[in-house]
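J.:
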Amino acid sequence: VSFLVGVVALALVTALACAVPGVFLLLRKDAMMTEAVSHAVLPGIVIGLLFVGALDSPFLILAAALTGLLVVLGTEYLRSTGLVEGDAPLGLLFPALFSIGIILVSQRFANVHLDEHVVLVGDLNLAAFIHLEVGDVSLGPRYLYVMLAVLLLNIAFVTRFFKELQVTTFDPDFAQLSGFSVRRLHYTFMFLVSITITAAFYAAGSILTVALMIVPAATAHLVTKRLPRCWRSRRPSPWSERWRASAPPTRSTPPPRARWPSSSASASWSCSSAHGCGRPFGPRERSPCDASTVGATVPDRSVPPLRCACAEAPLRSGTPPCTGVREVRSRCRSVACRPV
Amino acid sequence: VSALPALLDLLGDHTVRTVLLGASVVGFVAGALGSFAYLRRQSMMGDVVSHAALLGIAAAFIAASLATGSGHHTLVLLLGASLAGVLSILFATAVVKHSRITMDGAMAVSLALFFGGGLTLMRVIQTGPFAQRTGLNVYIFGRAAAITRADLQLIALFALVALAFMLLNWKVFKLYSFDSVLSELVGFRGRTVEPLLQATIVLAVVIGLKVVGLILMIAFVVAPASAARQWTRSLEGMVLLSGLFGASAAVVGTLISVVAGDVPTGPVIVLVLTAIVVVSLLAAPRRGLVARALRRRRQRLDLVRLAPQVPR
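Protein chains in written order, with our numbering: chain A, -10 to 329; chain B, 640 to 951.
(1) If I follow the unbroken alpha helix (DSSP H) through GLU875(B), where does it start and stop?
(2) Specify, as a first and last residue, the run of the beta strand (DSSP E) that GLU122(A) falls within.
(3) Mapping DSSP to helix, strand and coil, what is VAL9(A)?
(4) Taking beta-carbon pairs under 7 angstroms, can you tell me which members of the stretch 202 to 215 of chain A lie near chain B?
(5) Look at THR729(B) and ALA699(B) and say whether their C-beta atoms are less than 8 angstroms apart.
(6) Among the residues of its own chain, which have a CB less than 7 angstroms from the CB of ALA193(A), if the five just before and after it don't count?
(7) Counting only the same chain and skipping the five closest in sequence on each side, list residues whose C-beta sits under 7 angstroms from that of THR56(A).
(8) For THR23(A), return the contacting residues in chain B, with the cut-off set at a CB-CB distance below 7 angstroms.
(9) With a 10 Å radius around its C-beta and 16 neighbouring C-beta atoms as the bar for buried, classify ARG172(A) as buried or exposed.
(10) Chain E partners of ALA862(B), CB-CB under 7 angstroms?
(11) Tell me whether the stretch 822 to 829 of chain B and the stretch 857 to 866 of chain B touch, counting them as touching only if at least three CB pairs, one residue from each stretch, are closer than 8 angstroms.
(12) With distance defined between alpha-carbon atoms, name the residue in SER88(A), LEU142(A) and LEU115(A) nearest to GLY892(B).
(13) Report yes or no: is there a C-beta of chain A within less than 8 angstroms of the C-beta of PHE884(B)?
(14) GLN869(B): buried (16+ other C-beta within 10 angstroms of its C-beta) or exposed?
(15) Put PRO971(B) into one of helix, strand or coil per three-state DSSP.
(16) Can you grab the Cα-Cα spacing for the pair VAL182(A) / PHE159(A), in whole Å?
(17) Can you give me the Cβ contacts of GLU301(A) inside the same chain, cut-off strictly under 6 angstroms, excluding the 5 residues immediately before and after it?
(18) Applying the 10 Å Cβ sphere with the 16-neighbour rule, what's the burial state of TYR191(A)?
(19) Scan the stretch 729 to 744 of chain B for residues whose Cβ lies nearer than 9 angstroms to a Cβ of chain A and list them as they occur along the chain.
(20) DSSP beta-bridge partners for VAL126(A)?
(21) Give a yes or no on whether the minimum CB-CB distance between PRO947(B) and chain A is below 8 angstroms.
(22) Count Cβ pairs between the stretch 40 to 60 of chain A and the stretch 869 to 881 of chain B that sit closer than 8 angstroms; are there 3 or more?
(23) Excluding the 5 residues flanking ALA862(B) on each side, which residues of the same chain have their C-beta closer than 6 angstroms to its C-beta?
(24) Which same chain residues end up closer than 7 angstroms to PHE812(B) when comparing Cβ atoms and leaving out the 5 residues on each side of it in sequence?
(25) Cβ closer than 7 angstroms: which chain A residues qualify as neighbours of GLY755(B)?
(26) May I have the straight-line CA-CA distance separating GLU823(B) from TYR815(B), to the nearest angstrom?
(27) For chain B, is any of its Cβ atoms less than 8 angstroms away from the one on THR70(A)?
(28) Should ALA899(B) and PHE884(B) be called a contact, given that it needs their Cβ atoms to be closer than 8 angstroms?
(29) So, with DSSP's three-state summary, where would you put GLN681(B)?
(30) State the CB to CB distance for the pair MET136(A) and ALA52(A), rounded to an integer number of angstroms; the pair is presumed to be in contact (CB under 8 angstroms).
(31) Look up ARG221(A) in the DSSP assignment and say whether it is helix, strand or coil.
(32) Hey, ALA703(B) and ALA720(B): beta-carbon distance below 8 angstroms or not?
(33) I'd like the ranges of any alpha helix (DSSP H) spanning at least 4 consecutive residues and lying wholly in the stretch 645 to 678 of chain B.
(34) Measuring straight from C-alpha to C-alpha, what distance separates LEU791(B) and LEU880(B)?
(35) Quick check: what's the CA-CA separation for VAL665(B) versus VAL850(B)?
(36) Beta carbon of VAL688(B), beta carbon of VAL841(B): below 8 angstroms?
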């Protein structure tokens, strides 16, 4: 593989790896978080360089990504205290971390060779300089494979947890009510973003990663109105069907809540993995298809009984089996009623 | 005690005095006007402006080089930076108005576009036939020691203009920051007030670029205002306190970096600012985390004392 092809391939893979999580960042109104994270990983990178000595080491990327996660966690904490308003929490942490990074760089440690200019724009040529060679055959830049791994990781995460990402992005309150672990998913996702930014840092620099993440997503947002529907989110997989069939209903029905005086805890139908119970971010306690006898139950036995949050809005009968959050919601007649 | 003569000795140094004066003026003005950005919940706009300024600086350098042969007219560079800063804000708000992209996305896009354009022009300058092309990198990472007397005069001029704008339009800015709808109803058009307020903030941001650099300038906008907010409940107090926080952090940071030797000034100032914020968040009366924890504890104890009286 010639040098030019290697550089172009590296640029392409870097751009793709950034664009995949960028879509969700934009929709989650976290676009400026990329800016913060891309600056905050600098001290992690410098300290990592001290110990590892190479920019393309996976250990360094993970260590620096942890520094990026620090900004995410710190910002969430500052927001939760309610002491700092607006988007100010975002602007408080990353300058401090970036300052630490710059001071470390300026001290010019013996084995840290990080030009200040590289910090900003990266160095595609340098990143593509070392080629992976098997025997005498060059297989392209070595860093290309690091970025390729990040790209695959991103794609795998987004396809695997597409439904979870979708519901927590568009209606986090509803997702929380339905039992999705919104926070856990958020932190995992942001860690992935952090990894992507750190990995792209070498090739694209700290600020241009913001461009690679947000600009494609924003452009796409102007053109299209829908996230591509994931087959998995529409229909339970055969694997989960089997899981439901074999697993006994372990969870007993939660005790009747005070605001549901008529609720008698009789039918115990534990929500299946089809709705995400088997997944790390899926609903656990209060699944959208949790069983209850309140409200009109659907006569068809194959359909799990459902109830809506308003007594006067019974379920439409004869609807197909509940397969996901969106379907459940559409089965409650009134928009104001949410499935419980 | 023995440090005092050394400190006085430092203050006698002409360069140190210039840097101290420049940094503290920048800290005061950016802190004071940062309060308005904070109250408008658009603090990160300061980040967009400071990054976008690079495009203005580079473009102004090229224009000045072509016109006069030398690009290093600080006034021209600062005017270019201000123009680019205002344009970046207008771009972001226009995107929000005319598309379904939200503010944070528009800000990120604006930042990336303007900064990317700026870096491209910097590359053009580096490779093109321009005289004295080396000094521009100062604006990216900042170098307080590079402030000259002429720079100081310009910083003071811009600072005075920004402060005068703020004081002249005090009533309008205050009303608009807290209740833009009422301000509109009373007759102050958002279309006029908004750019005016933003332009004032932009003036405060661009003068700081040479001191702390465009990346860390956001700290001067956000941190003093966030710290001041913890101590006061009036806008007057907040603006004044925020300015004082900014100025004192600039002074302390500059002194530390001078004493420590080979440490860049901007990052040290930012770390001092961060320390001020942390202390404010913890120790502020009423709002502070410590005061809040103590109050909660007291309330819990009160509750425990009252508990036996509650019928089971």
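By construction, the Cβ of each residue, glycine as well, lies at the ideal position given by its N, Cα and C atoms. All of these numbers come straight from a predicted model, not from anything done at the bench.
T.: Reading off the structure:
(1) Along the second sequence, read from residue 1 onward, the residue named residue 875(B) stands at position 236. From DSSP, the alpha helix (DSSP H) with GLU875(B) extends over 874 to 899.
(2) Start at 1 with the first residue of the first sequence, and residue 122(A) comes out as number 133. Its beta strand (DSSP E) spans residues 120 to 123.
(3) By 1-based counting over the first sequence, the position of residue 9(A) is 20. Helix at VAL9(A).
(4) ILE203, VAL204, ALA207, HIS210 and LEU211
(5) Position 90 of the second sequence, counting from 1, holds the residue named residue 729(B). Position 60 of the second sequence, counting from 1, holds the residue named residue 699(B). Before going on, a small fix: residue 729(B) reads as Leu here, not Thr. Not in contact: LEU729(B) and ALA699(B) (Cβ atoms no closer than 8 angstroms).
(6) In the first sequence, counting from the first residue as 1, residue 193(A) sits at position 204. For ALA193(A), where only same-chain residues beyond five positions count, the Cβ hits under 7 angstroms are THR3, GLY111 and LEU201.
(7) Your numbering for residue 56(A) matches position 67 in the first sequence. Correct list, in chain order: ALA29, VAL30, PRO32, GLY33 and LEU86.
(8) Position 34 of the first sequence holds residue 23(A). Going along chain B in sequence order, the residues near THR23(A) (Cβ under 7 angstroms) are ALA747.
(9) For the purposes of this step, residue 172(A) is taken as residue 183 along the first sequence, with counting starting at 1. With fewer than 16 other Cβ atoms within 10 Å, it is exposed.
(10) Structure shown: chain E not included; protein chains present are A and B.
(11) no
(12) Sequence index remark: in the second sequence, residue 892(B) carries index 253 (1-based). If we check each option's Cα against that of GLY892(B), SER88(A) comes out closest.
(13) In the second sequence, the residue the question calls residue 884(B) occupies position 245. Taking Cβ atoms only, chain A never reaches closer than 8 angstroms to PHE884(B), which makes this a no.
(14) Here residue 869(B) refers to the residue found at position 230 of the second sequence. Classification of GLN869(B): buried, given that the 10 Å Cβ count is 16 or more.
(15) Given that chain B is displayed from residue 640 to residue 951, the structure contains no residue 971(B) and the question cannot be resolved.
(16) In the first sequence, counting from the first residue as 1, residue 182(A) sits at position 193. In the first sequence, counting from the first residue as 1, residue 159(A) sits at position 170. Approximately 19 angstroms, taken between the alpha carbons.
(17) As a working note, residue 301(A) is residue 312 in the first sequence. With a pLDDT of only 43 at GLU301(A), under 50, the local geometry of the prediction cannot be trusted, and no value is derived from it.
(18) Along the first sequence, one-based indexing puts residue 191(A) at 202. Under this definition TYR191(A) is a buried residue.
(19) VAL734, SER738, ARG739, ILE740, THR741, MET742, ASP743 and GLY744
(20) Taking the first residue of the first sequence as position 1, residue 126(A) is located at position 137. Answer is VAL123(A).
(21) Within the second sequence, the letter at position 308 stands for residue 947(B). Chain A contact via Cβ: absent.
(22) no
(23) Within the second sequence, residue 862(B) is the residue found at index 223, counting from 1. Here the set comprises LEU912 and VAL916.
(24) The residue given as residue 812(B) occupies position 173 in the second sequence. Closer than 7 angstroms at the Cβ level, and outside the excluded window around PHE812(B), lie PHE675, MET805 and LEU836.
(25) Within the second sequence, residue 755(B) is the residue found at index 116, counting from 1. In chain order: LEU197 and ALA200.
(26) Translated into the one-based positions of the second sequence, residue 823(B) becomes position 184. Translated into the one-based positions of the second sequence, residue 815(B) becomes position 176. Cα to Cα, the separation comes out at about 8 angstroms.
(27) What you label residue 70(A) is simply residue 81 of the first sequence in a count that begins at 1. Chain B contact via Cβ: present.
(28) Here the question's residue 899(B) lines up with position 260 in the second sequence. Here the question's residue 884(B) lines up with position 245 in the second sequence. No, the pair does not count as a contact, with Cβ atoms beyond the cut-off.
(29) Locating residue 681(B) in the second sequence gives position 42, where the first residue counts as 1. If DSSP states are grouped into helix, strand and coil, GLN681(B) belongs with coil.
(30) The residue you call residue 136(A) lines up with position 147 of the first sequence. The residue you call residue 52(A) lines up with position 63 of the first sequence. Wrong, their Cβ atoms sit about 18 angstroms apart, outside the cutoff.
(31) Working through the first sequence from its first residue, we reach residue 221(A) at position 232. Low per-residue confidence applies at ARG221(A): pLDDT is 37, beneath 50, and the placement is therefore not dependable, though the value from the model is reported in the following sentence. Helix.
(32) For the purposes of this step, residue 703(B) is identified with residue 64 of the second sequence, where counting begins at 1. For the purposes of this step, residue 720(B) is identified with residue 81 of the second sequence, where counting begins at 1. Not closer than 8 angstroms, so no.
(33) 653 to 678
(34) The sequence position of residue 791(B) within the second sequence is 152, counting from 1. The sequence position of residue 880(B) within the second sequence is 241, counting from 1. C-alpha separation (whole angstroms): 23 angstroms.
(35) As a position in the second sequence, residue 665(B) is number 26, starting the count at 1. As a position in the second sequence, residue 850(B) is number 211, starting the count at 1. VAL665(B) and VAL850(B): Cα-Cα distance of roughly 8 angstroms.
(36) For the purposes of this step, residue 688(B) is taken as the residue at position 49 of the second sequence. For the purposes of this step, residue 841(B) is taken as the residue at position 202 of the second sequence. Taking 8 angstroms as the Cβ cut-off, VAL688(B) and VAL841(B) qualify as a contacting pair.
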